[in-house]
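Working notes for the structure below.
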Amino acid sequence: MRVIVDRALCDDHGQCEIAAPNVFRIGVDGKLEYDERPDPSERDAIEEAADACPLQAILVQE
Amino acid sequence: MSRVVVVGAGMAGLRAAEQLRASGWSDEILVLGQEPHAPYNRPPLSKEALSGMGAEDPQTWADKLAFRQRPSVADVEWRLGTEVVGADLGARRVTCADGTEVGYDGLVIASGIRSRRLSIDGPAGGRFTLRTLADAVALQPALRPGARVVVVGGGFIGCEVAATATAMGCRVTVVEPLSGCLQRGLGDLVGGLVQSYLSGYGIRMLTGRTVRDLHPVPGRPDRVGSVVLDDDTVLPADVVVEAVGSTPNVEWLADNGLDLTDGVLCDERLRAVGRSDVVAVGDVARFVNPRFDEVARRVEHWCIPTDTARFAAGSLVRALHDLPDDRPRFAPMSSFWSDQLELRIQSFGAPGLADEVTVVDGSPDPCALTDGLIAHYRRGGRLVGVVLVNVPANRHREQRELVSASCPG
């Protein structure tokens, strides 16, 4: 599984971190950091994060 | 093969289809949608899509705003441009406007809401609402630089349209019947700060006023030319935007014994009360959120279609498969945001329920609003919501957790 965030769309709402805190983190500068190759056990949380992103900037690839 | 029919092809209809699959429903799913477009994201319609739409045709925008769909719904059948006009829940079938009847084993009500209109006759030309892509396509060309725009209603949609139209060079007046804008969503204090901030950009705010009449342009009886308020103020207007709330689309469910008072009353599993084979999701669903109290409400926030669909799909699939449902009660932590000029307003919980508001960070000064503000909303002393204005996202989780801890659900 691979996670891709479209940085051109991302507007730092932070909803992804709330849904999947082990994968997405908002840094002290308010900008997103994330794990591109997360553990498969995070799948449900990542899909929830992709749903919750107001900009729909998160893509989950198999 | 069994079939689940989803009535409504907005965000709630799409999320319902996806969550039916995620809940183990492998039989047929049919989605019936009134609009001609595949499910798309509505928040940009009052913001960047409205200001940026001019150069491109509506289909380009429909493609841009369309939700990415999970691979699991590739075999779902979509009938778009299909209005559902009736239902016989006893016989398990719905009726489309063209007379087609569609049977189901399980039904998802995702028919959403529509814009309410001013109940004032008068010219139809120059009057707009904003909920659908078609609404935005119609409104955009009217927002020319210098156009005189009267926005009726100072809620979130009204203030966002006012902000966007101002940025587009229009001369904007907002008419709000309550004593301040955004009161229902943000309360007097923060609503008042945002209202003052918008005033600073030249938006004229007329609060405590209602519209009495709409007069035509002299010699053009079909075209609105001015708005007359209850205090006899006459506002010349090239464009009138009616942002006066919404009405749930429930007429098609009449005569089935459902409680359709302000949406579809749901039980704690999001089933339409009295029916185990019917669930409701999104803006049309009226449900209790035990985090806050035991009052059933509709919630028109962007997160609700996703939250309700996730839970309701699980309820429906369990019922259709005769499986027990021992999940905890549905208790979403709602959130919303609003972008207005340089302001990003973010909320968690239910600030609209509060009886007391305290600014805990930042200064309650409209000129300092862009520097950041955090307000806590309490009801009977208990924290029920937070509102953050221009607060970096690295503080959102901590603020959300505060509400979550005081309203555990």
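Chains as they are written, first to last, in this note's numbering: chain A, 1 to 62; chain B, 1001 to 1409.
All residues carry an ideal CB built from backbone N, CA and C; glycine is no exception.
Per the Cβ contact rule, the region 1297-1312 of chain B is not in contact with the region 1121-1138 of chain B (fewer than 3 Cβ pairs under 8 Å).
CA-to-CA, the gap between B/A1138 and B/Y1197 works out to about 28 Å. Taking the CA atoms as reference points, B/R1068 sits about 20 Å from B/W1025. Think of a sphere of 8 Å around the beta carbon of A/I26: the chain B residues whose beta carbon falls inside it are P1392, A1393, N1394, H1396 and R1397, in chain order. Under the 8 Å criterion on CB atoms, A/E42 is classed as non-interfacial with respect to chain B. When rounded, the separation of the alpha-carbon atoms in B/N1289 and B/G1126 is 40 Å. Residues of chain B whose Cβ lies closer than 7 Å to the Cβ of A/A52 are, in chain order, C1303 and T1306.
Looking at A/R7, A/I46, A/Q56 and A/L32, the one whose alpha-carbon comes closest to that of A/A19 is A/I46. Against chain B, the CB of A/Q61 has no partner CB under 8 Å away; the residue lies outside that interface. Per DSSP, the continuous alpha helix (DSSP H) segment holding B/H1396 begins and ends at H1396 to S1406. Proximity of A/E17 to chain B, defined by a Cβ-Cβ separation below 8 Å, is satisfied. With a cut-off of 8 Å on Cβ pairs, the region 1085-1098 of chain B is in contact with the region 1245-1254 of chain B, counting three or more such pairs. For the region 1018-1051 of chain B, the residues whose beta carbon sits under 7 Å from a beta carbon of chain A are, in order, N1041 and P1043. Contact of A/D12 with chain B is assigned, a C-beta pair being separated by under 8 Å.
Taking 8 Å as the upper bound for CB-CB distance, A/V23 and A/V60 are not in contact here, some 10 Å apart.
When the Cα atoms are used, B/P1221 and B/L1143 turn out to be separated by approximately 21 Å. For the pair B/V1007 and B/I1109, the CB atoms are nearer than the 8 Å cut-off. Three or more beta-carbon pairs separated by less than 8 Å are not found between the region 1326-1333 of chain B and the region 1156-1165 of chain B, which leaves the two stretches without contact. The alpha carbon of B/R1269 has as its nearest neighbour, out of B/A1393, B/R1021, B/V1317 and B/G1099, the alpha carbon of B/V1317. Per DSSP, reduced to three states, the secondary structure at B/Y1201 is coil, with no helix or strand assignment. Non-local beta-carbon contacts of B/A1163 in its own chain, meaning distances under 6 Å to residues more than five positions away in sequence, involve Q1340 and L1341 in chain order. Judged by DSSP in its simplified three-state form, B/E1160 adopts helix. Contiguous beta strand (DSSP E) elements confined to the region 1045-1106 of chain B occur at 1077-1080, 1084-1088, 1093-1096 and 1101-1103, taking only those with 3 or more residues. Listed by position along chain A, the residues whose Cβ is nearer than 8 Å to that of B/F1156 form an empty set, because the closest Cβ is around 14 Å away. One finds Q56 in chain A with Cβ atoms closer than 9 Å to the Cβ of B/F1067, taken in chain order.
Taking C-beta atoms as the reference points, B/G1153 and B/A1237 fail to come closer than 8 Å. Within a 10 Å sphere around the beta-carbon of B/L1182 sit 16 or more other beta-carbons, which makes this residue buried. Residue state for B/T1210 is assigned as coil, using DSSP reduced to three classes. The region 1038-1048 of chain B makes no contact with the region 1095-1105 of chain B; the number of CB pairs closer than 8 Å stays below 3. Of the residues B/V1240, B/H1215 and B/G1219, the one whose Cα lies closest to the Cα of B/V1228 is B/H1215. Burial state of B/C1367 is exposed, judged by a 10 Å Cβ sphere holding fewer than 16 other Cβ atoms. Residue-level contact check: B/W1337 touches chain A, since one or more beta carbons of chain A fall below 8 Å from its beta carbon. Listed along chain A are D51, each with a C-beta nearer than 8 Å to that of B/R1015. The three-state secondary structure of B/F1311, taken from DSSP, is helix. Annotation for B/D1135: T1129 place their beta carbon closer than 6 Å to its own, counting only its chain and skipping 5 residues before and after. Judged by their CB atoms, B/E1018 and B/M1001 are not nearer to each other than the 8 Å cut-off.
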